[in-house]
Amino acid sequence: MAVCDRSWDNLYQQYHDRLLRQVQKYLPARDESHDVLQDLYVQLRHRNIDPDEIANPPAFLMRMATNLAIDALRRNNRNPVEFTDPAEISEMDGMASQSASPEQISADRQRLDIIRRAIDDLPPRCREVFLLCKRDHLSTVEAAEHLGISRNMVEKHLRQALGHCKQVLARHEN
């Protein structure tokens, strides 16, 4: 075992409880939070980073733990409601049609058309990023890998697309 591996092991053990509390702020389920910490440990072992080269190793661990917890939370929220039973879907469809008035359905359809046109008006790369993340439910990291661009660029395109859609909707609603 390399010296830097032992250093990370010692730091990880020393701050384990604090890291766990940090992760549980985002993922209160015990199994999920422990999975995130396991991922953190695996990443530490696979990186060739010497803790002595980092200004504040405990803060570095805390940031890694927080980022991994947020990533896990995003993955969990990607499809918050998943139906497996077709009867449930038809039941939901029936409920929606009973509670929404024809005026509301028409207004919703108009808003969807406005949003579709707004998406069509986006620059090609921006539209592609938006659809990958919002329609296909890819994370920003997955979209970046798919498109061969940075995660920051994906986030920039998403901000641009969402801002454009909000402006277009605001113009049509006023």
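Note that the working numbering gives residue 806 to position 55 of the sequence shown, counting from 1, and the numbers run on in steps of one. Cβ atoms here follow ideal geometry from the backbone N, Cα and C, with glycine treated the same way.
Got a sec? Which residues, its chain only, sit under 8 Å from residue i by beta carbon, not counting five neighbours each side?
| i | result |
| --- | --- |
| R868 | V919 |
| A780 | none |
| C884 | S890, T891, A894, V905 and L909 |
| H767 | L788 |
For residue i, which option in the options has the closest C-alpha, if you only look at C-alpha atoms?
| i | options | result |
| --- | --- | --- |
| M815 | L791, I865 and R769 | L791 |
| D864 | S784, C916 and D768 | C916 |
| G899 | E879, D887, R886 and G914 | E879 |
| R922 | L873, R902, R862 and R825 | R862 |
| R826 | L913, S852, N903 and E783 | E783 |
| D872 | L913, S852 and K907 | L913 |
Since residue i and residue j should fall inside the 8 Å C-beta cutoff, what is the C-beta to C-beta distance between them, to a whole number of angstroms?
| i | j | result |
| --- | --- | --- |
| H897 | L889 | 7 Å |
| Q775 | T817 | With 8 Å as the limit, Q775 and T817 do not qualify as a contact, their Cβ atoms being about 11 Å apart. |
| A823 | L778 | 6 Å |
| F881 | I870 | 6 Å |
State the start and end residues of the unbroken alpha helix (DSSP H) segment that holds residue i.
| i | result |
| --- | --- |
| E783 | R781 to H797 |
| C877 | P875 to F881 |
| E896 | T891 to L898 |
| C916 | R902 to E924 |
| R862 | P853 to D872 |
If I measure Cβ to Cβ from residue i and keep anything under 6 Å in the same chain, skipping five residues before and after, which residues do I get?
| i | result |
| --- | --- |
| I800 | none |
| Q911 | C877 |
| Q855 | none |
| R902 | T891, V892 and A895 |
Who are the Cβ neighbours of residue i in its own chain at under 7 Å, not counting the five residues just before and after it?
| i | result |
| --- | --- |
| L819 | V787, D790 and L791 |
| R769 | none |
| P808 | L762 and P802 |
Under 8 Å from any heavy atom of the ligand PLP, does the C-beta of residue i make it?
| i | result |
| --- | --- |
| H897 | Of ligands this structure carries none, so the ligand PLP is not represented either. |
Do the segment 759–768 and the segment 801–820 meet, that is, are 3 or more Cβ pairs less than 8 Å apart? yes
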